[in-house]
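According to the working numbering, the sequence shown is numbered sequentially starting from 75.
Quick reminder that beta carbons are idealized off the backbone N, C-alpha and C, glycines included.
Scroll down for the structure; my scribbles are underneath it.
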Amino acid sequence: MNLNLQTITRILFLDIETVSEKAEFSQISETFQKLWAKKAISIQKSLEISNKEGIAALYKEKAGIFAEFSKIICISVGYLNSESKLRIKSFSGHDEKAILTSFSKLLEEHYPDPNNCFLCGHNVREFDIPFICRRMVKHQISLPPLLSISGKKPWQTEFIIDTMELWRFGDIKNYTSLELIATTLGIPTPKDDIDGSQVGSVYWEERDLNRIVLYCQKDVVTVVRLVQHLSLMDWIADDQIEFA
């Protein structure tokens, strides 16, 4: 990968944070409890349908990564301007529809053309983008052009830059975390406070959304620096980062 300054300024870098739609399994509807029980058994083969405690525990642990059982609480985005400064903005809160509506408006107004704009993140093809699309559909929010990818082949969505795919170099067997790649390359890791497995408890138990937003923003910064590293560019310095 070898992006130039002109190309990299047309990239919107992003990361999302998600949590289960309810704090406890007992709080979701009876229909969704039955559907989660089926999902839980498919996740953990040793789990039996009669094991209510195990199914409930797995809900708290895993529901946040499945779009049908969870919600988005933060979308952080970043872009490099012509002065090589990184601007970071977050859409966050408890109202998922408001978050998605604001994000959709950003894409419509500033990143409308898939032929001239890019979306970039870590594992965005398999997680962030499908998750955002599914939640937008739930709330009947029109998908902007950069997210209108259903049914398209990989070569039809070259405007999506996935740093996990870039790191694979053709190897499709394993998932490699952003933290591991960053550490391998000497890029400062964002995992100095919480990690993805703790987002649910920080949101539902500690009620600390700001902490989650900061964590999400740090991931965006790391993705930017990873793309710069892969493009043989110098990393963005801390004093060149602006938070909206």
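- Annotated as proximal: VAL287 and SER166, with beta-carbon spacing under 8 Å.
- One alpha carbon belongs to HIS213, the other to GLU280, and they sit about 27 Å apart.
- Secondary structure note for LYS159: it is in no alpha helix (DSSP H), with a DSSP letter that is neither H nor E.
- The beta-carbon distance between ILE162 and VAL294, rounded to whole angstroms, is 6 Å. This is short enough to meet the 8 Å contact definition.
- DSSP places TYR249 in the coil class of the three-state scheme, outside both helix and strand.
- With contact defined as three or more Cβ pairs closer than 8 Å, the region 182-197 and the region 233-245 are in contact.
- With respect to the C-alpha of GLU98, the residue from ASN78, ILE82, LEU132, GLU91 having the closest C-alpha is LEU132.
- Pairing ILE90 with ILE206 gives a Cβ-Cβ distance under 8 Å.
- The region 107-121 and the region 135-150 touch, with no fewer than 3 CB-CB distances between them shorter than 8 Å.
- Spatial neighbours of ALA318 in its own chain (CB-CB distance under 7 Å, excluding positions within 5 residues in sequence) are listed in chain order as ARG161, ILE162, LYS163.
- Between the alpha carbons of SER120 and ILE129 lies a distance of about 11 Å.
- In the three-state DSSP reduction, GLU104 falls in the helix class (H, G or I).
- Beta-bridge annotation (DSSP): PHE165 is paired with ILE149.
- VAL273 counts as buried, since at least 16 other C-beta atoms from the protein chains shown sit within 10 angstroms of its C-beta.
- With a cutoff of 8 Å on beta-carbon distance, LEU88 and SER144 are scored as not near each other.
- When secondary structure is reduced to three states using DSSP, ASP236 falls in the strand class.
- In the DSSP assignment, PHE192 falls within the beta strand (DSSP E) that extends over 192-195.
- Assigned with DSSP and collapsed to three states, THR175 falls in helix.
- Sequence-distant partners of TRP241 (beyond 5 residues in either direction) whose C-beta falls short of 7 Å from its own C-beta, in its chain, are THR250, ILE255.
- Separation of ARG285 and THR83 (C-alpha to C-alpha, rounded to the nearest whole angstrom) is 28 Å.
- Following the DSSP letters along the chain, one finds THR296 inside the alpha helix (DSSP H) bounded by residues 283-304.
- For ILE115, same chain residues with a beta-carbon under 7 Å away, outside a window of 5 residues either side, are LEU121, ILE123 in chain order.
- Minimum Cα-Cα distance from ILE310 among the listed residues LEU180, LYS159, ILE102, PHE106 corresponds to LYS159.
- In this chain, the alpha helix (DSSP H) harbouring GLU135 covers 126-136.
- Counting the other Cβ atoms within 10 Å of the Cβ of PHE243 gives fewer than 16, which makes it exposed.
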